[in-house]
Amino acid sequence: MILSPTRESVLLTDLYQLTMLQAYFDKAMNATAVFEFFVRKLPGNRNFLLAAGLEQVLDYLEGLRFTPEELDWLRASGRFSPAFVDSLADLRFTGDVWAMPEGTPFFADEPILRVTAPLREAQLAETRIINLLQYETLIATKAARVRQAAPDRHLVDFGLRRAHGDEAGLLSARTSYLAGFDGSSNVLAGMRWNIPLFGTMAHSFIQAHDGEFAAFEDFARSHPRANTLLIDTYDTEAAARGLAPLARKLAADGIAIQGVRIDSGDLGQRAADVRAILDADGLRDIRIFVSGNLDEYSVQALLAAGAPIDGFGVGTRMNTSNDCPYLECAYKLQEYAGAARRKRSEGKASWPGRKQVFRRFDADWRMAGDTLALADDDLPGTPLLECVMRGGQRTGPSPALTTVRDYARAQMARMPETWRKLETGVPYPVEVAPTLQALARQVDSRPV
Numbered sequence: 028m029i030l031s032p033t034r035e036s037v038l039l040t041d042l043y044q045l046t047m048l049q050a051y052f053d054k055a056m057n058a059t060a061v062f063e064f065f066v067r068k069l070p071g072n073r074n075f076l077l078a079a080g081l082e083q084v085l086d087y088l089e090g091l092r093f094t095p096e097e098l099d100w101l102r103a104s105g106r107f108s109p110a111f112v113d114s115l116a117d118l119r120f121t122g123d124v125w126a127m128p129e130g131t132p133f134f135a136d137e138p139i140l141r142v143t144a145p146l147r148e149a150q151l152a153e154t155r156i157i158n159l160l161q162y163e164t165l166i167a168t169k170a171a172r173v174r175q176a177a178p179d180r181h182l183v184d185f186g187l188r189r190a191h192g193d194e195a196g197l198l199s200a201r202t203s204y205l206a207g208f209d210g211s212s213n214v215l216a217g218m219r220w221n222i223p224l225f226g227t228m229a230h231s232f233i234q235a236h237d238g239e240f241a242a243f244e245d246f247a248r249s250h251p252r253a254n255t256l257l258i259d260t261y262d263t264e265a266a267a268r269g270l271a272p273l274a275r276k277l278a279a280d281g282i283a284i285q286g287v288r289i290d291s292g293d294l295g296q297r298a299a300d301v302r303a304i305l306d307a308d309g310l311r312d313i314r315i316f317v318s319g320n321l322d323e324y325s326v327q328a329l330l331a332a333g334a335p336i337d338g339f340g341v342g343t344r345m346n347t348s349n350d351c352p353y354l355e356c357a358y359k360l361q362e363y364a365g366a367a368r369r370k371r372s373e374g375k376a377s378w379p380g381r382k383q384v385f386r387r388f389d390a391d392w393r394m395a396g397d398t399l400a401l402a403d404d405d406l407p408g409t410p411l412l413e414c415v416m417r418g419g420q421r422t423g424p425s426p427a428l429t430t431v432r433d434y435a436r437a438q439m440a441r442m443p444e445t446w447r448k449l450e451t452g453v454p455y456p457v458e459v460a461p462t463l464q465a466l467a468r469q470v471d472s473r474p475v
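All you need for our numbering is the position in the sequence shown, starting with 1, plus 27.
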């Protein structure tokens, strides 16, 4: 998934990736390396994270290469030797990737992606892999929490206009749909991934007309099968009271008003007032849709108070993951040239070696606990990381986004309420296998 020439470029990376590659080249260091992406600890306001972004990572790895123009620029920069720059001309990703499927809940220290490749290939990919996995995991988790707050309501991604750039707006539409939203207002996301599209109108449409009800009628006649009228431009309740005559007029031509949208004020109170007005006028089939700085907490509060709301447009606070805008995540070297490696920095120590996560379930197939282990361990539970790329090629066709969405829904249903709820509580149990602990002690005993 690439949006612009800038994002296609392998130069969308940190300088130190290239300076390290120069040094590796000078010392002929290019043995097999194993890197893993993981989150060191869960944010204080999250009980789980939902893996997302794998599809974009695989796209990136398949297309990883330097163009002649990029190589010319590197030569002209004067930072790198001509021989090193020349060596990049044929660089492609030739490694293997193991990963948790998108839509898998995961927890601290659990790798959701493992890259095994010649050192310079695996190293060069670091920045973009972190960039993609962190962002999409943040948004998938946020969207899943909104879905938990409103399990039976219509949810639409409204965040494109305030997303942090075009790629963020597009990927948030994809990722929120993956995590359980019903659709998006993002038209390109609809074209690219067949995500259902939903939209209403802007206040400018109302203001461009000489009368509010003329605007409503024009819109309904232009969109007889899909119309939701924005009723809070001037006086929300007055607009609701005036819908009955318009509804009768439109009905004579076979047109029904499907819904109304409220985007300002006390959404719970306005929805209650509008619902009472519509019901009294016999317009019980008109649905109420609300938007405006919503997130899982405000949605939960509105529904807990009994607000008669049928659907929510959720944008800025989800697409920026406002209460959790970053993850303490890492892509770390775990093995090089056949020897396990381990970072021991204070507060940032990592577990060494190639790893697997085994998930245990209870008799009702609810998640009961995980074990972080070595990749070749044989332990009770279901191994979560699967081989998705071998020798630089995908091991199979990518699943349809609807298939990924169904998988995510099933995985969330297997998570006990203790960890699905919005309030943080007892941490999910993740054990570290004795074999992995022993390997860490062995690595620590080596001189450095």
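Quick reminder that beta carbons are idealized off the backbone N, C-alpha and C, glycines included.
To the nearest angstrom, how far is the alpha carbon of N213 from that of G340? Spanning the two alpha carbons is a distance of roughly 12 Å.
For A116, which option in D123, F93 and G408 has the closest C-alpha, if you only look at C-alpha atoms? Here the closest residue by C-alpha is F93.
How many whole angstroms separate the CB atoms of F208 and L224, which I take to be in contact at a CB cut-off of 8 Å? Rounded, the Cβ-Cβ distance is 12 Å, inconsistent with contact.
For L77, write down the residues that DSSP places opposite it in a beta bridge. L77 pairs with P132.
For E194 and R34, the rounded distance between their alpha carbons: Caution applies to R34, whose pLDDT of 48 falls short of 50 and renders its modelled position unreliable; the value that the coordinates give is listed next. Answer to the nearest angstrom: the Cα atoms are 9 Å apart.
Any contact between the region 152 to 171 and the region 418 to 432? By contact I mean 3 or more CB pairs, one from each, below 8 Å. Because the criterion of three Cβ pairs below 8 Å is not met, the region 152 to 171 and the region 418 to 432 do not touch.
I need the DSSP call for E323, collapsed to helix, strand or coil. E323 sits in a helix when the DSSP states are folded into three classes.
Bridge partners for V459 per DSSP, in chain order? Under the DSSP definition of a beta bridge, V459 partners with L399.
Just to confirm, is the Cβ distance from E355 to R67 under 8 Å? The Cβ atoms of E355 and R67 sit closer than 8 Å to each other.
What are the boundary residues of the alpha helix (DSSP H) that G196 is part of? Where G196 is concerned, the enclosing alpha helix (DSSP H) stretches over D193 to L205.
Restricting to Cα atoms, I'd like to know which of D86, I258, D308 and G192 is closest to R297. Looking at the Cα atoms, I258 is the closest of the given residues.
Alpha-carbon to alpha-carbon, T462 and E373: Going by the C-alpha atoms only, they are around 23 Å apart.
Of the residues A176, I315, D337 and D280, the one placed nearest E450, counting alpha carbons only: If we check each option's Cα against that of E450, A176 comes out closest.
Kindly give me the distance between the Cβ atoms of I166 and T202, rounded to whole angstroms, as I take these residues to be in contact under 8 Å. The C-beta distance from I166 to T202 rounds to 4 Å, short enough to fall under 8 Å.
Which residues mark the beginning and the end of the beta strand (DSSP E) in which G286 is found? Unbroken beta strand (DSSP E) run through G286: G286 to I289.
Would you call the region 308 to 317 and the region 138 to 157 touching, i.e. three or more CB-CB distances under 8 Å? The region 308 to 317 vs the region 138 to 157: no contact.
Test item: CB-CB of Y358 and P128 under 8 Å: When the beta-carbon positions are compared, Y358 and P128 stay at least 8 Å from each other.
Going by alpha carbons, who is nearest to A267 out of G286, A190, A78 and F246? Per the Cα distances, G286.
Three-state secondary structure (DSSP) at G295? In the three-state scheme derived from DSSP, where H, G and I count as helix and E and B as strand, G295 is classed as helix.
When DSSP labels each residue in this structure, what does G217 get in the three-state scheme? Correct three-state label for G217: helix.
Report yes if the C-beta of F225 is less than 7 Å from at least one heavy atom of the ligand PLP; otherwise report no. The model depicted lacks the ligand PLP and carries no ligand whatsoever.
Buried versus exposed call for T131 [16 or more other C-beta atoms within 10 Å across all chains shown]: By the Cβ neighbour-count rule, T131 is buried, with 16 or more other Cβ atoms within 10 Å of its own.
Ignoring anything shorter than 4 residues or poking outside the region 402 to 446, list the alpha helix (DSSP H) runs there in chain order. The DSSP assignment places 428 to 440 as complete runs of the alpha helix (DSSP H) inside the region 402 to 446, in order along the chain (cut-off: 4 residues).
Between the alpha carbons of A241 and D308, how many angstroms are there, rounded? About 20 Å.
Alpha carbon to alpha carbon, how far is R447 from D389? Give it in angstroms, no decimals. So the alpha carbons of these two residues sit roughly 17 Å apart.
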